[in-house]
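As structure tokens, the structure follows; a few thoughts come after it.
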Amino acid sequence: MSHAAEAEFHITSLVIHAAIAEQQQLTTILNGLAGTEVHACTADGKLVVTIEGDSQKQLLDQVETINGLAGVLSSSLIYHQVDNVSH
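In numbering that gives the first Met the number 0, the protein residues as written are 0 to 86.
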């Protein structure tokens, strides 16, 4: 009897504080990053973002990329979930 390989699915959410002058361009850039989606923006420069991926490292690399983008003042991890997915 063989067992199906289990893969992981990760999802995390962030609140990003952006420079107001850069918010629109930053939203476009973030929505273009693999597995990344902006769900909400506020007038004071806060963005609610989710990142999905296959590993914790993949998500951490994406967060590091986001933190390096022009206009990102700070980011705060709000939520992280890992699910095992059978293939």
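Cβ atoms here follow ideal geometry from the backbone N, Cα and C, with glycine treated the same way.
No experiment lies behind these values; they were computed from the predicted model shown.
If we ignore side chains and look at the alpha-carbon of each, how far apart do residue i and residue j end up?
| i | j | result |
| --- | --- | --- |
| Q20 | L76 | Reading off the sequence, residue 20 comes out as Ala, not Gln. Approximately 23 angstroms, taken between the alpha carbons. |
| D53 | D82 | 10 angstroms |
| Q80 | Q55 | 10 angstroms |
| S1 | T41 | Confidence at S1 is low in this model, with a pLDDT of 48, below 50, so the placement of that residue should be treated as unreliable; the coordinate-derived value is given next. Near 50 angstroms, if we compare the C-alpha coordinates of T41 and S1. |
| E63 | L32 | 12 angstroms |
Report back the beta-carbon spacing between residue i and residue j to the nearest angstrom; my notes put them in contact at under 8 angstroms.
| i | j | result |
| --- | --- | --- |
| E7 | S85 | Contact doesn't hold; Cβ gap of about 11 angstroms is too wide. |
Which residues in the same chain have their Cβ closer than 6 angstroms to the Cβ of residue i, if we skip the five residues on either side of it in sequence?
| i | result |
| --- | --- |
| I50 | T11, G34, T35, L58 and Q61 |
| Q39 | The residue asked about is misnamed: residue 39 is Ala in this sequence, not Gln. Correct list, in chain order: V47. |
Residues in its own chain within less than 8 angstroms of residue i by CB, not counting five upstream and five downstream?
| i | result |
| --- | --- |
| V14 | K45, L46, V47, V48, S74, S75 and I77 |
| V37 | T26, L29, N30, L46, V47 and V48 |
Please return the same chain residues whose Cβ sits closer than 7 angstroms to the Cβ of residue i, not counting the five positions on each side in sequence.
| i | result |
| --- | --- |
| A17 | L25, G44, L46, G70, V71 and L72 |
Tell me whether residue i is buried or exposed, calling it buried when 16 or more other Cβ atoms sit within 10 Å of its Cβ.
| i | result |
| --- | --- |
| N66 | exposed |
| H108 | With the chain represented from 0 up to 86, any question about residue 108 goes unanswered, as that position is not in the structure. |
| Q166 | The chain is shown only over 0 to 86; residue 166 falls outside these bounds and no answer can be derived. |
Is it true that the stretch 24-31 meets the stretch 58-73, where meeting means three or more beta-carbon pairs spaced less than 8 angstroms apart? yes
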